[in-house]
Amino acid sequence: MTKADLIEKIAEKANLTKANAERSLNAFIDAVEDVLVKEGKLTLTGFGTFVVEERKERKGRNPRTGAEISIPAAKVVKFRPGKLLKEAIK
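The numbering used here applies: residue 95 is where the sequence shown begins, and numbers increase by one.
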């Protein structure tokens, strides 16, 4: 599913125009980003939790040459689905 598909789905479900649905989705994405940058965690009860975690530096291999390389430490966002989402997917 693309962002355009998601906008269309939101517009249908919320009875909005596509333009309003796009603004709503963009506002949601911006809000999630702001919270993760400031607090590092966002919980949407029943849906799931977004968490910023620190990934340690690690060794890897260049797939072309097989040479060992160092992959630097980085912050990554992980998603843990909530109970209601897990049940909906089953």
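Yeah, the Cβ is synthetic: ideal placement off N, Cα and C, and Gly gets one too.
Here the structure is a predicted model, which is why all the values come from computation and not from measurement.
Beta-carbon gap between residue i and residue j smaller than 7 Å
{"i": "glutamate 147", "j": "valine 170", "result": "yes"}
{"i": "glycine 176", "j": "glycine 142", "result": "yes"}
{"i": "alanine 105", "j": "alanine 115", "result": "yes"}
{"i": "valine 145", "j": "lysine 135", "result": "yes"}
Option in the options with minimal Cα separation from residue i
{"i": "leucine 179", "options": "Asp128, Ser118, Glu102, Thr137", "result": "Thr137"}
{"i": "arginine 174", "options": "Thr159, Asp99, Thr139, Arg152", "result": "Thr139"}
Expected contact under 8 Å - CB spacing of residue i and residue j to nearest Å
{"i": "isoleucine 123", "j": "lysine 112", "result": "In fact, because the Cβ distance is near 16 Å, the residues do not count as touching under 8 Å."}
{"i": "alanine 161", "j": "lysine 150", "result": "No, alanine 161 and lysine 150 are not in contact; Cβ-Cβ is about 21 Å, not under 8 Å."}
{"i": "isoleucine 165", "j": "asparagine 156", "result": "Not a contact, Cβ separation roughly 11 Å."}
Residue i: CB within 6 Å of a non-hydrogen atom of the ligand HEM
{"i": "valine 131", "result": "This structure lacks the ligand HEM; in fact it carries no ligand of any kind."}
Inside the segment 139 to 165 only - beta strand (DSSP E) runs reaching at least 3 residues: 142 to 149, 152 to 155, 162 to 165
Secondary structure, alpha helix (DSSP H): runs of 4+ residues fully inside the segment 107 to 132: 112 to 132
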